[in-house]
Every structure is written in C-alpha cells, then in structure tokens.
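Chemist: Submitted below is the structure of interest, expressed as structure tokens.
There are 2 protein chains.
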Amino acid sequence: MSLIVQKYGGSSVSDAESIKRVAKRIVETRKAGNEVVVAVSAMGDTTDELLDLAHAVTPMPAPRELDMLLSAGERISMALLAMAIKSLGHEARSFTGSQAGMITDARHGSARIVDVTPVRLREALDEGAIAIVAGFQGFNRDTKDITTLGRGGSDTTAVALAAALDADVCEIYTDVDGIFTADPRVVPKAKKIDRITSEEMLELAANGAKVLYIRAVEYARRHGVTLHVRSSFNNNEGTIVYNPSENPAEGLPTESENAVEEPLIAGVATDLGEAKITVVGVPDIPGKAAQIFNLVAKTGANIDMIVQNVSAASTGLTDISFTLPKTEGQTVLTALRADQSDVGFVGLQYDDQIGKLALVGAGMRTNAGVSARLFTALYEAGINIEMISTSEIRISVVTRADTINDALRVVHTAFGLDGDTEAVVHGGTGR
Amino acid sequence: MSLIVQKYGGSSVSDAESIKRVAKRIVETRKAGNEVVVAVSAMGDTTDELLDLAHAVTPMPAPRELDMLLSAGERISMALLAMAIKSLGHEARSFTGSQAGMITDARHGSARIVDVTPVRLREALDEGAIAIVAGFQGFNRDTKDITTLGRGGSDTTAVALAAALDADVCEIYTDVDGIFTADPRVVPKAKKIDRITSEEMLELAANGAKVLYIRAVEYARRHGVTLHVRSSFNNNEGTIVYNPSENPAEGLPTESENAVEEPLIAGVATDLGEAKITVVGVPDIPGKAAQIFNLVAKTGANIDMIVQNVSAASTGLTDISFTLPKTEGQTVLTALRADQSDVGFVGLQYDDQIGKLALVGAGMRTNAGVSARLFTALYEAGINIEMISTSEIRISVVTRADTINDALRVVHTAFGLDGDTEAVVHGGTGR
Chain W
1 MSLIVQKYGG
11 SSVSDAESIK
21 RVAKRIVETR
31 KAGNEVVVAV
41 SAMGDTTDEL
51 LDLAHAVTPM
61 PAPRELDMLL
71 SAGERISMAL
81 LAMAIKSLGH
91 EARSFTGSQA
101 GMITDARHGS
111 ARIVDVTPVR
121 LREALDEGAI
131 AIVAGFQGFN
141 RDTKDITTLG
151 RGGSDTTAVA
161 LAAALDADVC
171 EIYTDVDGIF
181 TADPRVVPKA
191 KKIDRITSEE
201 MLELAANGAK
211 VLYIRAVEYA
221 RRHGVTLHVR
231 SSFNNNEGTI
241 VYNPSENPAE
251 GLPTESENAV
261 EEPLIAGVAT
271 DLGEAKITVV
281 GVPDIPGKAA
291 QIFNLVAKTG
301 ANIDMIVQNV
311 SAASTGLTDI
321 SFTLPKTEGQ
331 TVLTALRADQ
341 SDVGFVGLQY
351 DDQIGKLALV
361 GAGMRTNAGV
371 SARLFTALYE
381 AGINIEMIST
391 SEIRISVVTR
401 ADTINDALRV
411 VHTAFGLDGD
421 TEAVVHGGTG
431 R
Chain D
1 MSLIVQKYGG
11 SSVSDAESIK
21 RVAKRIVETR
31 KAGNEVVVAV
41 SAMGDTTDEL
51 LDLAHAVTPM
61 PAPRELDMLL
71 SAGERISMAL
81 LAMAIKSLGH
91 EARSFTGSQA
101 GMITDARHGS
111 ARIVDVTPVR
121 LREALDEGAI
131 AIVAGFQGFN
141 RDTKDITTLG
151 RGGSDTTAVA
161 LAAALDADVC
171 EIYTDVDGIF
181 TADPRVVPKA
191 KKIDRITSEE
201 MLELAANGAK
211 VLYIRAVEYA
221 RRHGVTLHVR
231 SSFNNNEGTI
241 VYNPSENPAE
251 GLPTESENAV
261 EEPLIAGVAT
271 DLGEAKITVV
281 GVPDIPGKAA
291 QIFNLVAKTG
301 ANIDMIVQNV
311 SAASTGLTDI
321 SFTLPKTEGQ
331 TVLTALRADQ
341 SDVGFVGLQY
351 DDQIGKLALV
361 GAGMRTNAGV
371 SARLFTALYE
381 AGINIEMIST
391 SEIRISVVTR
401 ADTINDALRV
411 VHTAFGLDGD
421 TEAVVHGGTG
431 R
C-alpha cells in the first residue's frame with residue numbers, strides 16, 4: 001500500500017461543486033488502494049476577503065490575531081471537503097495544523113516549521129480514514145498560539161507531511177498541467193516537462209516560475225520528497241520533481257544513468273517583479289561593497305543579482321548594481337541614502353523597468369557553449385543584455401522589461417524546447 | 001476590581017464598523033477599572049452561510065465536520081474584535097473554545113458543558129489583557145474534537161465563563177434594551193423590566209421570550225450568576241436577572257425584603273411555534289397515558305402542555321391533548337400511528353394553528369385571583385381558551401393562533417403592565 005499526500009490549492013476548491021469534484025478524486029486515489037493525506041488551501045479568494053476585513057477593522061492588524069483570523073479559511077475548506085468525502089461513503093477526518101502536529105516557531109505570518117508530529121494523522125490512516133489537513137497553518141508550542149506559514153504555505157504543509165509520514169509521493173494539484181519549459185501564456189509552444197530535478201526546479205521557482213513555491217521545493221529537496229505537480233481538472237500525468245542523488249523514485253532513472261539523455265535545458269523562467277538599484281561612484285577601495293550590502297541586509301531585503309563593473313582607473317570610482325523585488329526598492333533606497341556620506345558614493349539610480357530571464361538545466365554542468373548560444377539568440381533578436389549572472393546550472397540575464405517576452409520566445413526556440421502543438425492554458429492561479 | 005463577562009451576539013458584530021464600535025465599548029469597561037472577558041458570536045449571518053455551504057456539498061453533513069466548519073465563524077469575529085481592541089491601544093487576546101477551556105461532551109451540534117478550565121483566560125487577565133473568547137464552541141477531551149453547543153450557545157458560553165471565573169456580572173448585549181413585560185412589537189406600551197428573578201426569566205424564556213435562551217438562564221440560576229441583559233446600541237441600563245436566594249447581588253434587595261413591593265406579574269410571553277396533537281378515544285384504563293408518552297419520548301420530542309379530559313362514562317374512552325414544537329409534529333404523529341392498534345386509540349388530530357400565552361410572576365405564589373383575572377380579560381375580549389396549564393409562578397393558556405396578539409394586549413393591560421410611553425423597537429434578532 002502506498003501513502004500519497006495530495007495538496008489542493010484555493011482554485012481547486014473554490015465552491016461547493018469544485019469541492020465535490022476534488023472529493024471524488026481523493027476517493028478514487030483511496031479506492032486504488034492507497035493511504036491518502038490531503039493538505040487543502042482556503043476556498044478561492046477567502047484569504048483575501050479575510051485580509052480585507054482585517055484591514056477594514058485596523059490598518060495594522062496584530063500578527064497573532066491575523067493568524068487566528070486567516071486560519072479560519074482552511075478550517076472551512078477542510079471541513080467541507082471531509083464531509084463531501086464522507087457523503088461518498090468513505091471515512092474522512094479533518095485536522096487543523098495544530099491537530100496535525102505542524103509545530104512552528106512563533107513568527108506570525110511567516111512561521112517556519114520546526115517539527116512535524118502527525119500522530120493523529122497516523123491513527124486516522126491506521127483506522128482506514130482519509131486525513132484532511134488545513135494547509136498554511138501551524139502551532140507554536142511555547143505560546144500555544146496558532147501560526148501561519150506565509151505565501152506558498154499550503155505547498156509547504158503538504159511536503160512537510162509527506163516527509164514526516166514517509167509518503168511515496170506528494171501530489172501538488174493546481175490549475176495547470178504541470179511545469180512547462182516556459183510560461184505557456186507567453187510561449188504557446190512551451191512543452192510540459194515530464195521530469196525535472198529538484199535542483200533545477202529550485203532555480204526555475206527562484207527565477208519566476210509561479211507553479212511551485214521555492215520554499216516547498218527546498219523542503220522537498222532537503223527531505224528527499226518526490227513531488228508530482230498536476231492538474232486537478234484532468235487525469236493527465238504532470239511533472240515529477242525528484243531528487244536524483246537521495247531518492248531515485250521508483251521507475252525513475254538516477255542522474256548518472258540518465259546523464260547522456262538528459263536534456264541540456266530544463267526550462268526558461270522570466271520575472272518582471274524585480275527592480276535594479278545602481279550605486280554610482282563608489283570609491284574603489286576594499287570593504288565598500290561589504291559596507292553597502294550590510295546596509296541593505298539590515299532592511300531584510302532579498303538581493304538577487306549583483307554586478308560590479310571594473311573601475312575606471314582614472315577616477316578610482318566604480319558602480320555596483322543589484323536587483324531586488326520591486327516591493328523592497330524604496331526601503332533599500334532610503335537606507336542607502338541615509339548613509340551616503342559615510343559610504344562615500346556619488347549617487348543612486350533606480351530602475352523598475354527591467355525583466356529577468358533565467359535559463360535552467362543540470363546539463364549545463366557538462367556542456368560548454370550554453371552562454372554563447374543564449375547571447376547569440378538575444379543579439380540576433382536585437383535584445384540588449386544589461387546584467388549577467390550565472391550559477392552551476394543557471395544563466396540569468398536582465399533586459400528591458402518590454403523585451404522580456406520576445407527574449408523568452410527566441411531563447412525557447414534557440415534551445416530546441418518548442419513542442420509540436422500548443423499547450424492548453426487554463427485561467428487563474430492557485431495559492 | 002470587578003470581573004465582568006460580556007457577550008455580544010451576531011447582530012452586534014455584523015460588519016467591520018460594528019466590531020469597532022463594540023471594541024470601544026469593551027475598552028470603556030476596561031478603562032473603568034474592570035477585568036473584562038468577552039464571549040462573541042459569529043458575524044451577522046456567517047453561521048447560516050456556512051450551513052448553506054455545507055448543504056450545498058452534502059444533504060447530510062457529518063456532525064464532527066459540521067462543528068469544525070461552524071467553529072470558523074467565531075474564530076473570524078473574535079480575531080477581528082481582538083485586533084480592533086489592540087488598535088485602540090489595549091492588550092487583547094482571542095481564544096477558541098478549546099483554548100478557553102470549554103470542555104464538553106462529544107454530542108456534536110448540541111454539546112453539553114462538562115467542565116470549564118479557563119487557565120489561559122486567567123493568565124491573560126493577570127497580565128492586564130482583555131480576553132476574547134469564541135462563543136458557541138467547545139472541545140471534547142476524549143475525542144480531542146471541536147464541538148458546538150447548539151442554539152443559544154454563545155449566551156451559555158458567557159454564563160459558563162462567568163461562573164468559572166466567579167465574575168461579578170455577566171452582561172448579555174443584544175439589539176433590544178432588555179427584557180420587556182411583553183414583546184414590544186406587539187404591545188407598544190410594554191415596559192422594560194428593571195429586575196427579574198432567574199426563576200421568572202426561566203418561565204418567560206421557556207414560553208416564547210426570545211431575548212435569552214432558556215439554557216443560559218438555567219445555567220446562570222444553577223451557578224448563581226447575575227445577568228445584565230442590555231443593548232449594544234446605547235448605554236441604557238438593561239434588565240438584571242438575579243437569583244434572590246443564592247446571590248443577592250450588591251445593591252439588589254433579597255426576595256424576602258422585597259416581597260410586598262414585588263410586582264404581581266413579571267411579564268407575559270407568547271409563542272406561535274407550537275402545535276397540538278390530540279389522541280382521540282383512548283381507552284380509559286390505567287397505563288394508557290404512560291404508554292402514549294413513552295412512545296412520544298422515544299422520538300426525543302419536547303412535550304410542553306398536557307391535558308386529559310374527563311372520560312365520558314358511557315363510552316369508557318377519553319381524549320389526551322398535548323402541545324409540542326411544530327418541527328417535531330410529524331415525527332410524533334408517525335410514531336403514534338405505528339402503534340395505534342397496540343395502544344387502542346380511535347384517531348389522531350393535528351392542529352398547528354394554535355398560540356400560547358404565558359403569564360409569569362413569582363408574586364402568584366401568594367396571590368389568589370390571578371387565574372380569574374386572566375380568564376375574565378380573555379372572555380371580555382371574546383377570546384376562547386382551548387387548554388390551560390399552571391405552575392407555581394406561571395399560568396399558560398392556548399388560544400387560536402390568530403387571536404394571540406389580541407390576547408397578549410388585553411392581558412398586558414388587565415394586569416396593569418402598560419407603561420406611559422411606547423417602547424423603542426430595534427430590528428433584527430441576535431443569536
């Protein structure tokens with residue numbers, strides 16, 4: 001008997017009809033002889049509606065109470081899902097994050113999981129029941145308070161349960177067919193990826209692929225959980241995200257066996273959510289970069305790419321550019337301006353009209369010429385590259401925002417990723 | 001320092017504005033130097049909306065899951081109320097029924113309180129915080145499941161917390177100014193009652209007065225909790241419900257001191273929610289009534305009045321009539337029909353066009369002539385009495401449903417209850 005953890009996002013349980021449909025799918029999985037644990041998000045826009053209510057009451061809701069409030073969303077969806085399954089004649093029991101043993105630290109709104117003790121889930125499974133767990137929420141042992149995990153929390157709940165219960169697979173249900181080589185809304189010939197390593201998935205997620213949250217992928221990679229990303233609207237196979245070194249999931253080739261066949265490039269991601277800050281005229285003496293990025297770190301901003309130009313020998317000054325989420329731009333600018341005289345730079349430039357494209361593939365490790373092919377494709381399309389950054393399995397470039405979709409299409413074609421048919425695109429996005 | 005428990009119903013917290021208004025009132029109570037514990041219902045129609053969702057998913061929702069679902073309603077209102085209070089600069093903490101120590105049996109949907117262990121509330125109060133508790137919900141220790149208390153559950157939560165914390169008073173906030181001598185929508189000259197004994201209140205509640213639930217009054221009476229029923233829309237004094245023997249609340253006269261001044265009649269209640277079943281032609285031999293009411297008891301129906309006519313000696317048959325909630329009528333008729341031949345009665349009559357009027361007053365104990373005055377008033381108004389039932393402090397009569405409002409008005413006048421001015425009537429009803 002296999003143990004399968006399934007996660008259904010808000011768009012999969014947006015109303016009573018969707019909940020009944022999802023209940024049927026869960027029952028089918030159970031009937032096929034599997035033990036089933038389900039992590040479920042709040043219905044449709046419930047979380048946003050609750051946030052609106054909170055902000056109608058006070059502009060700065062207390063974090064403990066906000067978590068208490070938001071946790072009501074999953075409580076509603078999980079109870080409805082459990083009763084829908086029971087009405088189909090199968091035993092089901094719903095559990096809050098606390099009841100499911102999701103123990104977190106006390107950081108309300110973005111709590112980290114510190115332990116998972118799914119004793120009651122194991123009991124329910126042993127009694128033949130399907131366990132329905134509230135995604136996104138946990139419990140702090142010291143304060144005895146309810147916490148929430150923040151964005152992508154339900155994915156993380158599912159992966160953490162899969163790890164703790166030693167599940168065979170963690171199925172992430174969403175409204176698209178899986179992970180694609182590029183966003184199918186921009187590249188109609190994008191292909192669904194059948195298999196991808198968790199390392200590659202991590203790079204894609206970190207660079208703008210929206211289907212999976214980086215945090216859940218990271219948790220899965222660290223705990224050897226195999227993910228299966230698939231649509232809740234059909235029965236198609238989706239995308240397997242696996243960890244080749246630790247967990248060669250049954251039937252899947254390990255990395256070494258597969259090296260020669262492995263596609264050079266797994267996929268291409270783009271991101272329009274970043275801005276670029278350039279610190280102009282920084283004295284080219286040791287310790288200045290450290291000083292700048294210590295200032296930035298204090299704001300809590302998440303820096304992505306960093307580029308330092310060679311200094312012009314005549315002036316003894318250099319420019320340092322970095323990208324970060326647009327939402328964090330003003331905070332960082334303010335922090336830098338406050339210490340301008342201390343650091344001794346000349347000025348600041350802020351640019352939020354940039355786009356980032358990242359080419360990801362484990363095959364890069366053993367293949368030269370990938371950068372050359374990427375730069376050539378962009379050059380031939382007349383697209384200017386403003387910044388470049390690389391990792392072992394990724395190359396990222398920054399271009400003007402309004403050229404990013406063209407860049408995505410030409411790169412997708414240049415690396416032979418185009419499929420023969422157009423991908424079917426569903427609307428909406430899950431949480 | 002006094003400890004005050006306050007209960008706010010759904011109509012007092014129907015939207016963000018109401019919640020902010022209630023938060024201000026709570027803060028005023030705290031500023032006046034009191035410790036404050038608040039029991040709050042779900043916002044406005046939330047509970048009904050959740051029930052609708054459940055029934056859209058399945059016609060027969062599993063009771064455990066239905067309780068899990070409904071408990072989300074108070075979770076939302078209590079978190080919003082706590083954050084509203086905090087935004088006014090006062091410390092507040094919300095607690096679920098489980099966190100507040102409301103321990104119940106496992107009867108989902110109508111759980112009974114078996115213990116109250118408000119350890120976390122006491123801690124919060126000792127730290128100077130206002131404790132906000134989800135009304136209506138509890139927790140079963142054996143199953144570790146969430147339960148709900150059923151109709152009037154939030155009133156019961158408030159009273160149970162007041163008893164466990166030895167509160168000085170339990171304030172029940174609603175959308176009317178208190179308990180009236182009669183329903184002010186029917187009797188415009190009905191007067192607000194300043195003080196009423198819990199025994200009288202119990203009779204009024206049991207006979208159709210809607211403001212307080214009989215269960216909460218019973219709990220208050222048994223545990224010596226003084227209630228103050230008042231409006232959340234103004235600062236008027238409401239109605240004090242007190243237990244003269246056990247708890248002569250400060251400033252209130254005890255029963256004996258006050259006996260001569262005590263009004264003869266506390267109030268008049270009416271109820272259109274009952275139906276009458278007459279079992280026609282019952283053999284007038286010992287044990288037949290027991291047989292009939294054992295059958296009825298097995299259905300779980302709540303019988304109210306019972307009348308047996310003297311048998312006509314010539315036939316050896318008698319008729320037995322009783323009233324019960326209309327909602328239970330069909331079940332009881334079915335049960336009786338099934339055993340008709342065994343009991344040996346001739347037939348059944350069902351009448352759901354009846355109204356019940358109850359005159360309640362502890363003064364009746366020592367005053368003759370109350371029934372005579374009641375029957376005379378009804379006779380002079382041309383209203384026919386179909387059934388009569390009495391207790392030590394109550395007389396109830398059944399009339400045709402369409403005469404009940406006239407009956408209420410003439411009785412109210414006959415006993416000198418009419419006030420000089422018309423009562424102000426607010427719309428809506430709380431839960």
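One line per chain: the protein sequences are W and D, in this order. Note that UniProt numbering has the first sequence beginning at 1, numbered continuously upward. Note that UniProt numbering has the second sequence beginning at 1, numbered continuously upward. Just so you know, even glycine gets a beta-carbon here, dropped at the ideal spot from N, CA and C. Predicted model, so just to flag it, every value in this text is computed and none were measured.
Considering Cα atoms alone, identify which of W/F322, W/D406 and W/I393 is closest to W/N384.
Modeler: Here residue 384 of chain W refers to the residue found at position 384 of the first sequence. The option with the nearest alpha carbon to W/N384 is W/D406.
Chemist: Could you please tell me which residues of the stretch 76-91 of chain D, in chain order, have their CB closer than 7 Å to any CB of chain W?
Modeler: Cβ contacts with chain W: I76, A79, L80, A82, M83, A84, K86 and S87.
Chemist: Have a look at the DSSP bridge pairing and note the partners of D/M387.
Modeler: As a first step, residue 387 of chain D is located in the second sequence; it is residue number 387 there, counting from the start. Answer is D/V398, bridged to D/M387.
Chemist: What are the residues in the stretch 58-72 of chain W lying within 9 Å of chain D by C-beta distance?
Modeler: If the cut-off is 9 Å between Cβ atoms, the stretch 58-72 of chain W has T58, P59, M60, P61, A62, R64, E65, L66, D67, M68, L69, L70, S71 and A72 near chain D.
Chemist: When the distance is taken between beta carbons, is W/V37 closer than 9 Å to W/V133?
Modeler: In the first sequence, the residue the question calls residue 133 of chain W occupies position 133. In the first sequence, the residue the question calls residue 37 of chain W occupies position 37. Going by C-beta atoms, W/V133 is nearer than 9 Å to W/V37.
Chemist: When the distance is taken between beta carbons, is D/L81 closer than 9 Å to D/V22?
Modeler: Residue 22 of chain D sits at position 22 when you count from the first residue of the second sequence. Residue 81 of chain D sits at position 81 when you count from the first residue of the second sequence. Yes.
Chemist: With DSSP as the reference, please indicate the residues paired to D/V36 in a beta bridge.
Modeler: Position 36 of the second sequence, counted from the start, is the residue given in the question as residue 36 of chain D. For D/V36, which the question treats as bridged, DSSP gives the partners D/I4.
Chemist: Please look up how many angstroms separate the CB atoms of W/G97 and W/P118, rounded, as I've assumed it's under 8 Å.
Modeler: Counting from one through the first sequence, the residue named residue 97 of chain W turns up at place 97. Counting from one through the first sequence, the residue named residue 118 of chain W turns up at place 118. About 11 Å; that fails the 8 Å criterion.
Chemist: What residue range does the alpha helix (DSSP H) around W/I303 cover?
Modeler: In the first sequence, the residue the question calls residue 303 of chain W occupies position 303. First-last for W/I303: undefined, no H or E at that position.
Chemist: Can you give the Cα-Cα distance for W/P61 and D/S14, rounded to whole angstroms?
Modeler: As a first step, residue 61 of chain W is located in the first sequence; it is residue number 61 there, counting from the start. As a first step, residue 14 of chain D is located in the second sequence; it is residue number 14 there, counting from the start. Cα-Cα distance, rounded: 19 Å.
Chemist: Any beta-carbon of chain D closer than 9 Å to the one on W/K326?
Modeler: The sequence position of residue 326 of chain W within the first sequence is 326, counting from 1. It does not: the Cβ of W/K326 has no partner Cβ on chain D nearer than 9 Å.
Chemist: Sort W/Y379, W/Q353, W/V40 and W/E422 by Cα distance to W/I172 and report the nearest one.
Modeler: Position 172 of the first sequence, counted from the first residue, corresponds to residue 172 of chain W. Comparing Cα positions, the closest option is W/V40.
Chemist: Can the beta-carbon of D/L149 be found less than 9 Å from the beta-carbon of D/L121?
Modeler: Locating residue 149 of chain D in the second sequence gives position 149, counting from the first residue. Locating residue 121 of chain D in the second sequence gives position 121, counting from the first residue. Not in contact: D/L149 and D/L121 (Cβ atoms no closer than 9 Å).
Chemist: Over what stretch of residues does the alpha helix (DSSP H) that includes W/Q340 continue unbroken?
Modeler: Locating residue 340 of chain W in the first sequence gives position 340, counting from the first residue. Q340 to V343 is the extent of the alpha helix (DSSP H) around W/Q340.
Chemist: Which ranges does the beta strand (DSSP E) cover as unbroken runs of at least 3 residues, wholly within the stretch 114-149 of chain D, from first to last along the chain?
Modeler: Correct list: 130-134, 137-139 and 146-148.
Chemist: Can you give the beta carbon distance from W/L357 to W/T270, rounded, assuming they're within the 8 Å contact cut?
Modeler: In the first sequence, the residue the question calls residue 357 of chain W occupies position 357. In the first sequence, the residue the question calls residue 270 of chain W occupies position 270. Between W/T270 and W/L357 the Cβ distance is about 5 Å, and since that is below 8 Å, they are a contact.
Chemist: D/Y379 by DSSP, collapsed to three states: which one?
Modeler: Start at 1 with the first residue of the second sequence, and residue 379 of chain D comes out as number 379. Looking at D/Y379 - three-state DSSP - the assignment turns out to be helix.
Chemist: Say whether chain W places a C-beta atom closer than 9 Å to the C-beta of D/R25.
Modeler: Stepping through the second sequence from its first residue, residue 25 of chain D is reached at position 25. Cβ-Cβ to chain W under 9 Å: no for D/R25.
Chemist: How would you label W/G135, buried or exposed, when you count the other beta carbons within 10 angstroms and need 16 or more for buried?
Modeler: Walking along the first sequence from the start, residue 135 of chain W turns up at place 135. That one is buried.
Chemist: W/P283 by DSSP, collapsed to three states: which one?
Modeler: Taking the first sequence and counting its residues from 1, the one referred to as residue 283 of chain W is at position 283. Of the three classes helix, strand and coil, the one that applies to W/P283 here is strand, per DSSP.
Chemist: Which of helix, strand or coil does DSSP assign to D/E274?
Modeler: As a working mapping, residue 274 of chain D is identified with position 274 in the second sequence. Reduced to three states, the DSSP call for D/E274 is strand.
Chemist: Would you mind sorting D/A42 into buried or exposed? The rule is 16 or more other CB atoms within 10 Å of its CB.
Modeler: As a position in the second sequence, residue 42 of chain D is number 42, starting the count at 1. Label assigned to D/A42: buried.
Chemist: Would D/T278 and D/L348 be called neighbours here (beta carbons separated by less than 9 Å)?
Modeler: Mapped onto the second sequence, residue 278 of chain D falls at position 278. Mapped onto the second sequence, residue 348 of chain D falls at position 348. Contact: yes.
Chemist: With a threshold of 7 Å on Cβ separation, who are the neighbours of W/T181 within its own chain once the five nearest residues in sequence on each side are excluded?
Modeler: Taking the first residue of the first sequence as 1, we reach residue 181 of chain W at position 181. Only A190, K191, I193, G267, V268, H412 and L417 meet the Cβ criterion.
Chemist: Taking all protein chains shown into account, do 16 or more other C-beta atoms lie within 10 angstroms of the C-beta of W/A297, making it buried, or fewer, making it exposed?
Modeler: Indexing the first sequence from 1 puts residue 297 of chain W at position 297. So W/A297 ends up on the exposed side.
Chemist: Among the candidates D/A275, D/S389, D/T174 and D/R400, whose CA atom is the shortest distance from the CA of D/T331?
Modeler: As a first step, residue 331 of chain D must be located in the second sequence, where it is residue number 331. When each option's Cα is compared against that of D/T331, the closest is D/A275.
Chemist: Would D/Q137 pass as an interface residue toward chain W - the criterion being a Cβ-Cβ separation below 9 Å?
Modeler: Counting from one through the second sequence, the residue named residue 137 of chain D turns up at place 137. No - not a single Cβ of chain W is within 9 Å of the one on D/Q137.
Chemist: Comparing C-alpha positions only, which one of D/G382, D/L359, D/N367 and D/F415 sits nearest to D/I388?
Modeler: One-based indexing of the second sequence puts residue 388 of chain D at position 388. The shortest Cα separation from D/I388 among D/G382, D/L359, D/N367 and D/F415 belongs to D/L359.
Chemist: Where do the N-terminal and C-terminal ends of the beta strand (DSSP E) with W/P325 fall, by residue?
Modeler: Working through the first sequence from its first residue, we reach residue 325 of chain W at position 325. L317 to P325 is the extent of the beta strand (DSSP E) around W/P325.
Chemist: Identify the contact partners of residue 442 of chain W in chain D, using a Cβ-Cβ distance below 7 Å as the criterion.
Modeler: One cannot answer for residue 442 of chain W here, as it falls past the ends of chain W, which runs 1 to 431.
Chemist: Are W/D304 and W/T323 touching if we call contact CB-CB under 9 Å?
Modeler: Residue mapping note: residue 304 of chain W aligns to position 304 of the first sequence, counting from 1. Residue mapping note: residue 323 of chain W aligns to position 323 of the first sequence, counting from 1. Yes, these two residues count as a Cβ contact at 9 Å.
Chemist: Let's test the definition: count the other Cβ atoms within 10 Å of the Cβ of W/I285 and tell me whether it reaches 16, buried, or not, exposed.
Modeler: Taking the first residue of the first sequence as 1, we reach residue 285 of chain W at position 285. Under this definition W/I285 is an exposed residue.
Chemist: If I measure Cβ to Cβ from D/A206 and keep anything under 6 Å in the same chain, skipping five residues before and after, which residues do I get?
Modeler: As a working note, residue 206 of chain D is residue 206 in the second sequence. Same-chain partners within the cutoff: I214.
Chemist: Would you mind sorting D/T366 into buried or exposed? The rule is 16 or more other CB atoms within 10 Å of its CB.
Modeler: Here the question's residue 366 of chain D lines up with position 366 in the second sequence. Result: exposed.
Chemist: Are W/L125 and W/I179 touching if we call contact CB-CB under 9 Å?
Modeler: As a position in the first sequence, residue 125 of chain W is number 125, starting the count at 1. As a position in the first sequence, residue 179 of chain W is number 179, starting the count at 1. No, the Cβ-Cβ distance between W/L125 and W/I179 is not below 9 Å.
Chemist: Taking its Cβ as the centre, do 16 or more other Cβ atoms sit within 10 Å of D/K7, making it buried, or is it exposed?
Modeler: As a first step, residue 7 of chain D is located in the second sequence; it is residue number 7 there, counting from the start. Answer is buried; the Cβ neighbour count reaches 16.
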